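Participant: Provided herewith is a single structure, encoded as structure tokens, for subsequent inquiry.
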Amino acid sequence: MDIITKPTEKDVYETAGIFILKRLEEIVTKKQEFILFLSGGSTVYVLDYVEANARHMGLQLPLTVALIDERCRLDRKRKDSNWDFIEQETGIISRLEKQGATLVEALSDIGDCFVQADAYRDTITKLLQGDGYKLGIFGIGADSHTAGMRSLDVKRFEELFLDDELVVVYDSPDAYEYRITMTGTAFEHLNEGVVIATGEPKRIALEDLRDAGTRDQKDMKIDDYASHPSWMLHKIPKLTLFTDQAFA
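This is the structure:
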């Protein structure tokens, strides 16, 4: 894992945005499809810098955009959905749509969370197993969670996130009832991951992530992942962390 440290949160977002844009430019030049997988939370702010620099360069954004994880409620209300949060905070979803981007949304008006997850799984599986260049933008919590994967008991964690499925839905321990999320198995199908994490409260989780990267992944045990879900990010072939935390 490469680590790029910047002095401020703003610098982190800007540097990560330029990094992602340069990768996009490389892939577009090769006439290859670029598939961008997004998380919710503060990582969405990097998109402003991607878009702003794309406009400055006169570069269109011919890409497919999908979510790494989504929040789902049984009453089908979209309150607090990651997709809507990204649009509300950045407006980039509607602008990308106008530019002809392919938008892959997890939630729909058809069926409950399980039906929606089944449909999303089919779409994401095709994208992950296709020939496009697949880059995911991830955040990390102070508790080491990433995407929709949180610490669970070992057996439950293995069944959900380390099985053959690339997308799962499960009853979440947080306030959102259900989570639809890509799994650790899905991470292996990505070409690249960009991790964006800022703030002192995340320092220990980030140091643990760094140290986990020095270990042979074949030696990792299920309980390692169950207690530190973010360590599964090391399943991604190429991983870069952008942070404002300087490590010893």
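Under our numbering, read the sequence shown as residues 51 to 298, first letter to last. Glycine is no exception: its CB is placed at the ideal position from the N, C-alpha and C atoms. Everything numeric in this text was worked out from a predicted model, so none of it was measured.
Rounding to the nearest angstrom, what Cα-Cα distance links Arg229 and Arg171 in this structure?
Facilitator: 13 Å
Participant: Take every Cβ of the region 264-284, pair it with every Cβ of the region 203-218, and state whether three or more of those distances are shorter than 8 Å.
Facilitator: The region 264-284 makes contact with the region 203-218; the number of CB pairs closer than 8 Å reaches 3 or more.
Participant: Using the Cα positions of Pro251 and Ala192, report the straight-line distance between them to the nearest angstrom.
Facilitator: Straight-line Cα distance between these residues: approximately 6 Å.
Participant: Go ahead and pull the three-state DSSP assignment for Ala167.
Facilitator: helix
Participant: From Asp269, Lys268, Leu259 and Ile174, pick the residue whose C-alpha is nearest to that of Gln295; which is it?
Facilitator: Leu259
Participant: If you draw a straight line from the C-alpha of Asp181 to the C-alpha of Glu76, how long is it?
Facilitator: 15 Å
Participant: Starting from the C-beta of Phe69, find all residues in its chain whose C-beta is less than 8 Å away, skip the five residues before and the five after it, and write them out in chain order.
Facilitator: Ile54, Val244, Thr290 and Phe292
Participant: Which residue marks the beginning of the alpha helix (DSSP H) containing Lys205, and which one marks its end?
Facilitator: Val204 to Phe211
Participant: Mind checking whether Ala197 and Ser89 have CB atoms under 8 Å apart?
Facilitator: yes
Participant: Quick check on Thr152: does DSSP put it in helix, strand or coil?
Facilitator: strand
Participant: Roughly how many angstroms separate the alpha carbons of Asp213 and Thr235, rounded to a whole number?
Facilitator: 7 Å
Participant: Rounded to a whole number of angstroms, what is the C-alpha to C-alpha distance between Thr79 and Asp221?
Facilitator: 42 Å
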